[in-house]
Structures are given as C-alpha cells and as structure tokens.
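If you're matching positions, the sequence shown starts at 1 in full-length UniProt numbering and goes up one per residue. Quick reminder that beta carbons are idealized off the backbone N, C-alpha and C, glycines included. These numbers were taken from a predicted model, which means no experiment stands behind them.
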Amino acid sequence: MGENIPALLLRLPTVEIDERHVRDGRVTMSLDDAFTAVNAYFQLVEDYLQQEQQERALNVEKDIIPAIDFALRLFNAENFSGELVPAERARLAFVLQRFTMADALLERCVQRLLVSDGEMPHPCLRLSALLLCTLAIVCSKVQGSAQSLVPYHSVWRLRVHMRHQLVLQHSAHSVFLHLSACVDAALALPEAQLSVEHLLEIGHVHNYYHRRDIAAETFWRAVHKSGLTVSESAMVGVRTRWQRHQLVQMVMNAQSALPFTPQPVTDSPRVVMSEKDGHDLLDRPRETPETPAPPLQPLHPIDKAIILALCLDIRNTNPYHGLTQHHMQTYVERLLVDPAPAPFMIQCQTLLMRSRLERRRNRVQERAFMQLTELVDQFSMNREPTRETFYRTESDYFYSVAYPSIWQLKSEYADFCYEESLFKTALDAYEQVLDWENIIKCCKALDKRKRAESLARELLETDPCNPLLWVALGEATREVSHLWKAWELSNHRSAAPMRALARLALEREEYSKVVEYFDEAVRLNPVFGGDWFSLGYAAMRLEQWGRSGEAFTHVCQIQPNNAYAWNNLASVLLRNGMLRPAFNAMSQALHNNRRDWRMWQNYFSIGCELKEVTETTNAMNVLLDIAKRNTRLERESLNRFVDNAIAYMEGRIPASSRDQVEAVDVSHASVALMEEDGDAEEEQSMYELVPLGSGVDMPNAFLEPSKTEASAAEAGRVRAGIVGRYKQRMRDTFKRITDLFVTDPDIYHCGAKLLRYMDGPLRAYEMRLKELRCCQQKDQWERDETRFSRTCECLHEMAGDALAALEAALVASTAAADQDDVQRGVLAALNDTLSNTMAVIEAAQDYMGESTSYAKLRSVLLPQLHGGLQKAKSAFNSG
Numbered sequence: 001m002g003e004n005i006p007a008l009l010l011r012l013p014t015v016e017i018d019e020r021h022v023r024d025g026r027v028t029m030s031l032d033d034a035f036t037a038v039n040a041y042f043q044l045v046e047d048y049l050q051q052e053q054q055e056r057a058l059n060v061e062k063d064i065i066p067a068i069d070f071a072l073r074l075f076n077a078e079n080f081s082g083e084l085v086p087a088e089r090a091r092l093a094f095v096l097q098r099f100t101m102a103d104a105l106l107e108r109c110v111q112r113l114l115v116s117d118g119e120m121p122h123p124c125l126r127l128s129a130l131l132l133c134t135l136a137i138v139c140s141k142v143q144g145s146a147q148s149l150v151p152y153h154s155v156w157r158l159r160v161h162m163r164h165q166l167v168l169q170h171s172a173h174s175v176f177l178h179l180s181a182c183v184d185a186a187l188a189l190p191e192a193q194l195s196v197e198h199l200l201e202i203g204h205v206h207n208y209y210h211r212r213d214i215a216a217e218t219f220w221r222a223v224h225k226s227g228l229t230v231s232e233s234a235m236v237g238v239r240t241r242w243q244r245h246q247l248v249q250m251v252m253n254a255q256s257a258l259p260f261t262p263q264p265v266t267d268s269p270r271v272v273m274s275e276k277d278g279h280d281l282l283d284r285p286r287e288t289p290e291t292p293a294p295p296l297q298p299l300h301p302i303d304k305a306i307i308l309a310l311c312l313d314i315r316n317t318n319p320y321h322g323l324t325q326h327h328m329q330t331y332v333e334r335l336l337v338d339p340a341p342a343p344f345m346i347q348c349q350t351l352l353m354r355s356r357l358e359r360r361r362n363r364v365q366e367r368a369f370m371q372l373t374e375l376v377d378q379f380s381m382n383r384e385p386t387r388e389t390f391y392r393t394e395s396d397y398f399y400s401v402a403y404p405s406i407w408q409l410k411s412e413y414a415d416f417c418y419e420e421s422l423f424k425t426a427l428d429a430y431e432q433v434l435d436w437e438n439i440i441k442c443c444k445a446l447d448k449r450k451r452a453e454s455l456a457r458e459l460l461e462t463d464p465c466n467p468l469l470w471v472a473l474g475e476a477t478r479e480v481s482h483l484w485k486a487w488e489l490s491n492h493r494s495a496a497p498m499r500a501l502a503r504l505a506l507e508r509e510e511y512s513k514v515v516e517y518f519d520e521a522v523r524l525n526p527v528f529g530g531d532w533f534s535l536g537y538a539a540m541r542l543e544q545w546g547r548s549g550e551a552f553t554h555v556c557q558i559q560p561n562n563a564y565a566w567n568n569l570a571s572v573l574l575r576n577g578m579l580r581p582a583f584n585a586m587s588q589a590l591h592n593n594r595r596d597w598r599m600w601q602n603y604f605s606i607g608c609e610l611k612e613v614t615e616t617t618n619a620m621n622v623l624l625d626i627a628k629r630n631t632r633l634e635r636e637s638l639n640r641f642v643d644n645a646i647a648y649m650e651g652r653i654p655a656s657s658r659d660q661v662e663a664v665d666v667s668h669a670s671v672a673l674m675e676e677d678g679d680a681e682e683e684q685s686m687y688e689l690v691p692l693g694s695g696v697d698m699p700n701a702f703l704e705p706s707k708t709e710a711s712a713a714e715a716g717r718v719r720a721g722i723v724g725r726y727k728q729r730m731r732d733t734f735k736r737i738t739d740l741f742v743t744d745p746d747i748y749h750c751g752a753k754l755l756r757y758m759d760g761p762l763r764a765y766e767m768r769l770k771e772l773r774c775c776q777q778k779d780q781w782e783r784d785e786t787r788f789s790r791t792c793e794c795l796h797e798m799a800g801d802a803l804a805a806l807e808a809a810l811v812a813s814t815a816a817a818d819q820d821d822v823q824r825g826v827l828a829a830l831n832d833t834l835s836n837t838m839a840v841i842e843a844a845q846d847y848m849g850e851s852t853s854y855a856k857l858r859s860v861l862l863p864q865l866h867g868g869l870q871k872a873k874s875a876f877n878s879g
C-alpha cells in the first residue's frame, strides 16, 4: 500500500554537513559549529517557506500541518513505536533518503544540531534531520512580520517541541520556554476550540516538568470536557483463581459519554501471562472464580488515555506505597478488561503501567519482567520483518499518552535487571543506550571498573569533540582534568561538566566547590540543575541555610515521595525559626516514610513546640512502636508534651491547629481598618441603615435560651468523654515509656506532673519515689554538684506532692473506708519523704555541705516536712 507523502516534505531543504566537520573518520564539529550550522539551516527553511508563500500561496492547514504530521509519524516510528520493516522502507525510500545521513559520523553531526542549552540529544536518536526540519518549520516567521508561521496555540507546534525535549538527555530551558508559550497560548483559546487530546498533551507537558498540581488540574479538565464518569467502589469477591474466601475488593468503574463505534484492530501488543493464558491472578476481581466477568460498556479511546493520565495523578499525589500502587492497579485493570480494543500506543502504555506497578510484587514480578521485555522486543524489525509498524503512528491518540522512547524503555529494562542483581544483563542494556551513570554503577558492581573507561575512550576516538564523552571519561576515571576538558570543549555552554565536577567535589567533601559548580550549572540550565539533594546537603554543611532550603525545595517538587528531602527541608526551616512550615514538611516526610524513627522524633519535637496535642501523642506512640529503646526522649520536649496535654485537658488549647481554625469566632476575626479621612456623610448614612430582615418576627424557639443551654450541655458531655479517653491514652503512653526507660529520672518527673493533674498528688508521689531512686543510682550522685542538685529538686517535688495530698485530705469528704486509706497514704508519704531527705543530707554532708542545695534541704525542706507530719498526725488522730 502506497503512502501519501506531502509534497512540501519532498521539497523542503535538507540539512547539509560541511566536510570539514568530519575528517579522517572523526567528528570535529564543536558546539559552536553546531550552533552556527543550525541557525543557518533554520534561516534557509524560513526563506524557502516565505518564498513558497509568495509563489504558491502556501496554506498552513493544507500544506504545512500535513508535512509536520507525516514527518513526526516517521520520526515516532523510528524512535518510539517500532522500526519500519523493509517493505515500508522501500515505499518511503524517497523521503527517508532525503533525511538520513550517508554514514554514522554525519548522523552524529546532525544530532549535535539538536543541542539546546548545552544539553545533548540521546546518541540512539534516529532521523535527527527530520526532527530538525520540523523544528525549523514551526520556528519560521511570516514574511515581514514577527508572527510565527505555525502559531503557538497549534497542537502541532506543541508536539514538535515536546518531541525535541524527549530526545534530549536532560530538560533544557530554551525548550521549556517554547513549551510554556505553547501551553499558555492554548489555554487562552475559547473552550470550544480546545480539544480533549490537546488538554491531555498539555497535562503531560506539566507532568514532565514536575508541575504536578497544574497537570492534575488539566487532566481533570479533560475528564469534564469528555464527559467521562469515573467512580471507585468496593465489591465482595476474589482476586485469584484458587481463592475461596471472599474479601472486600476495590474496583474502578468508568463510563464514556462520547459516542463512538469500536474499530477493529489488526495488530496490538502481546499481553503476557494474562488470565486467558492460565495465570492464577484474575484480570479483575469477581464474585467467585467461576463467575463470568460482568459485561462492561466499551470506553472511548480518548477516555482510556484520560484514565492513564489519572493514574499519573494518583502516583503524584500519594506516597510511594503499596496502597498507592493498588489504587492505580484498579484503573489499569479496568482498561485491560475493556471489551473495545484500544489503539496500539494506548494499549502499550497500559501494559507498561501494569508492568511498573507489578515490579515489586512477588506473585507477578515474573509477568512484569516478561511484559517489559516484550515491549522492548516488539520495537525491533528483526523479530518479525514482515509485520508492518508504520500504521501504529497514524492514531489520533498517539500523543495522548506519555509513552517513552525506545532508549528510555531499554534503560528501564536495565534498571529492572539491576534491581534483580542481573548486573551483566543490565550492563549490556545500559551500553546499548550509553547510559553512562548506570554503566559506571554496573562496572563497580561487577568489579570491572576499567570497562567504562575503555568504552568512553573507544567512542572518543571517533568523536573527540563530544563534551558528554569527556564527562563520561572523567566520571569513569575520577579525573578532574577530563571534566575541565569537556567544559572547554563546550565553550562554557554545557552544564553537564559542572554537574560532574560538583558530584566529584561532594565525594571529596569539598562543599564550597560543590555549591559553586552547581550554581554555575543552574545558571546555564535553570530547569535542570542536577542533583539538588547533593547541593542541599553541601549547603547545609556550609551552614548556608537559605541555599540549602532552596535546593531541598527543588527536590521535593521534582520527587515529592523523597522523604529524606522533606526531612532535611524541615531541618532547614527549623533553623530559620519557621516552625509551622517545618512541621508541615515533616508531615510530608512521614507521609512517604513511616518507618524511620528519627523522622518521628523530629515530628514529635516540632509538634510539642506548636502545641499539636493529638499529633504529638500519636507520634510518641508510633515512635515507641518503631524505635523502642532507641528513642531519644529529651526532658525539654517531654515537659512541653505534658504541659500541652494538661492544657488541652483543661480546655485552654485545642487538640490541633485544625480545631483552632475551625473554632474561630467573631472576636478573633480580622477587621479592616478604616481611613480617618473618610466621607463623614457616607459614614453617617451607614449608621442609618436598617439591618436586613429586621422586620421579620423571629420564632420563639429561636429566642429560647433553653435550646442553647441544652446544646452547650451536650457539647460539654461530648468533650468530657473525649478528654476521659485521652486521659486513659496518656496513662497507657507513659506506662509504655516507663516500662522501656526505667533509669531515667526525667521521664518519671514528667509522668509525676501528668499523674498529679489526672489522678491527684498521691499518685504523682509514687512516680517521685521512682524518680528519686533513679537519681540515687547515678554514679557519685552525692559528690557531683549537678547530680546532687537534681536529687534535691526531686526531694522538693516529693515534699510538694505529699503536702498537697495532706491539704486535699483535710478538705475531702469521702467515705470512711476510703478516708482511712487516704490518710494512711498521706502519713506514709510524709514519713518516707522525711526519711529520704535525712538520708540524702547524711550521705552528702561531707561533700556538699557548703552548697546552696544542701542548705535548702536542712533549713527549708526539713522544717516543712516536720510541720506537715505533725499537722497530719494531729488532724487524723483527732478525726
């Protein structure tokens, strides 16, 4: 079948490489040469298009857009969906010959013309000249005007710039600016002119640049525009073929609103180890294994692309956790069981998504690996030389999914192999796509450190002016001179050498150089500064808190599931005295990693400062569960914790800041201040206004105070119940603490303070006795001034509790049996305190006799205890 090739594509000028850039089997084109050549080619294409407009009245929609469409189809086939087979190459030979270089060295030169902001295209890129031609077309201007020939709001301009970004090894700022202009222009269009496909592509652009909130908003805008109905529900059923016990299963239901007729599909990617192939995991939960799958309404292809985009939103807004993956899995399951066949690329993206979700699940890990292998293998024409692939690119929904390029897919396959310790297989795959960072990592794992160096030197033989290869050689050999060579070759335009120098300086703990090199890299390419985490760490070591906070903020934006970045950001904010932002950052850290006890420790400490009663109580219990005796309980934080708990139980503070926000009344509302020189007449007229509804008679029930009093009484009862449960929780919490830490007097001190409020001074006195024992177990407590002072402090607190218990017993009106028990307890407490005080005085007399603490024991505490004991005996005996 012949292909209808647009005539303009066959007439456009093609890029030509000067012979001086390829000499003696070597590429000698520098980045400056490439910059000059690409500008000349863009001008050549623009002049040609302007001439065509004059001579043939070139039409954008009829002539230019079809040429871009066909060029991108060819480019996508060779780099994304699948290589052209020999029969297709024969039919497309004329256009392929125009945009394919004669040899590999010339192809490398053309690739270099795609460099943007010093960021190199991927070396596996094919048909570079075709992409360069489409870029030249969309960047051309209308003759005699600054207006672009292809407007920024055109979806085709967005697609061309996005393809350019996807072939670069890192994000480039110039391309980002082009894409931002395309997105802004598109979103400024009337709603009727903005298609669902266009919205999805805009969302994928935002997602690529880690603008996840805007991406989610755009995806949901596409949902509303298409009319897709999405709901999550539960059913009681089974998930495996052999399961007999029914459990609650989560399912996702979807229904399309757009009318469509399912089209027959001649080819689709092979689904590996599905339920039909005998796998024991069902494609979707059912009531029983024997129950046939319920009938489903076919989904429109664009709605399938939307559901895949919503999966990205779930991943972006939830922690990296098994529950998040299971949530996404339900969306993928709905697509896989849909009765209507999906377009090839949408089905590929669905299978790739399932493979990613199943990578770490033991039951289906093999299936995930086999499916990823199948997606990689189906790209090659050698597997089935007669199976045509060009048709895969003609779908209207090709750009509606974020399907990766073949080199990204192979790199992902290599990552899978590396995780499973298949280092040799991973190294072979990384070498195919020249992923230098991972090549070096694999060589270290295989103890073949020279292999990466040998490969880099071999490639430098034919391409000595490639800065990226010099960076690879420098990282493989740890030689700074190679990295500076790359910096000079790029004429100080590439950020890659600076990023490599910063990483090397970090290993050598040269933190000032790390910050210097990263700053230079960010200046060259603001949208990809490199390893922001390393920069933040280096800035922390230099105590540059502002720079460190900025770096960790970037990490959190790019990788919102990086718990350690959130934790470090909280530390920086805490250094700057920003408690509430630090607390929120720690909350995000725990959102993504709930098993690190140090994070819970930090969260607890900050929460105590902010009087977050509920959160700190929960954090303390989780901390005890995870860390047990590794928990570091500081007296200052524990005191705040207890003080906050008592204040909450007394009703002086809310349980959390959220309760405080919800409980704001009129007296705390902000009031706008009026200027003194306002219009007096207008002010007077305001006084004369009659309140709206003043003539309406209010119902008597509204004016009855009894209703308000009843509701207040009910609220009081509810709060009393909540506080009662909280008291029991605090008792349990401190019992756990004292069971774990039996030798820390500060813990018993805090426990005594809490129990005195909840259960009275006699219960607190029991804790004070344990506190005193802990103080006296310290080595040489009677000789060390600090430890002796701590013991004296405990004795004063004990005396205070015993005397408070005496006062309470004197005014109490309890039953006779209970009163006798209380009186005996008070007498025992006073006697024990007196005995302990005298023992301490005697033990420390020779060492601390001249100290202030010792003097207070003899002159203040002993008389108090003697007086209290006499008072108790006389009162209780007379009673």
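Coarse secondary structure for residue i, derived from DSSP in three states
| i | result |
| --- | --- |
| E16 | coil |
| N877 | helix |
| K141 | strand |
| L189 | coil |
| V723 | helix |
| V666 | At V666 the pLDDT is 32, less than 50, meaning the model places this residue with poor confidence; the figure from the coordinates comes in the next sentence. It is helical. |
| V27 | strand |
| L281 | strand |
| V85 | coil |
| V364 | coil |
| V110 | helix |
| V22 | strand |
| S148 | strand |
| F423 | helix |
| R508 | coil |
| R594 | coil |
| P341 | coil |
CB-CB length for residue i against residue j, believed under 8 angstroms
| i | j | result |
| --- | --- | --- |
| L769 | L806 | Their Cβ separation, rounded to whole angstroms, is 17 angstroms, which puts L769 and L806 out of contact at 8 angstroms. |
| L84 | F390 | 6 angstroms |
| E453 | T477 | 6 angstroms |
| L827 | A872 | 6 angstroms |
| I137 | V155 | With a Cβ gap of about 15 angstroms, I137 and V155 do not count as contacting. |
| V515 | L542 | 7 angstroms |
Whole-angstrom distance between residue j and residue i, CA atom to CA atom
| i | j | result |
| --- | --- | --- |
| R508 | M498 | 15 angstroms |
| L535 | L299 | 47 angstroms |
| F876 | L810 | 9 angstroms |
| D784 | E850 | 13 angstroms |
| E225 | L187 | Looking at the sequence provided, one finds Lys at residue 225 rather than Glu. K225 and L187: Cα-Cα distance of roughly 14 angstroms. |
| E388 | R91 | 12 angstroms |
| A752 | Q870 | 25 angstroms |
| R361 | N568 | 30 angstroms |
| V469 | F344 | First, the amino acid is wrong: residue 469 is Leu here, not Val. Computed Cα separation, rounded: 36 angstroms. |
| R108 | E19 | 13 angstroms |
| P121 | L168 | 4 angstroms |
| L71 | E374 | For clarity, residue 71 is Ala in the given sequence; the question names Leu instead. Whole-angstrom Cα-Cα distance: 27 angstroms. |
Candidates the options: closest to residue i by CA position
| i | options | result |
| --- | --- | --- |
| L31 | L179, L113 and T743 | L113 |
| R212 | C792, G760 and A309 | A309 |
| G237 | L803, L247, L96 and N621 | L247 |
| L422 | Q601, L834, S405 and A445 | A445 |
Per DSSP, cross-strand counterpart(s) of residue i
| i | result |
| --- | --- |
| A233 | Per the sequence shown, residue 233 should be read as Ser rather than Ala. Answer by DSSP bridge pairing, in chain order: V251. |
| E119 | S116 |
| residue 880 | Within the shown structure, residues of the chain are numbered from 1 to 879, placing residue 880 beyond reach of any answer. |
| residue 881 | Because the chain here runs from 1 to 879, residue 881 falls outside it and cannot be looked at. |
Residue-chain proximity (residue i, chain C), Cβ-Cβ < 8 angstroms
| i | result |
| --- | --- |
| S835 | The question asks about chain C, but that chain is absent: this structure has only one protein chain. |
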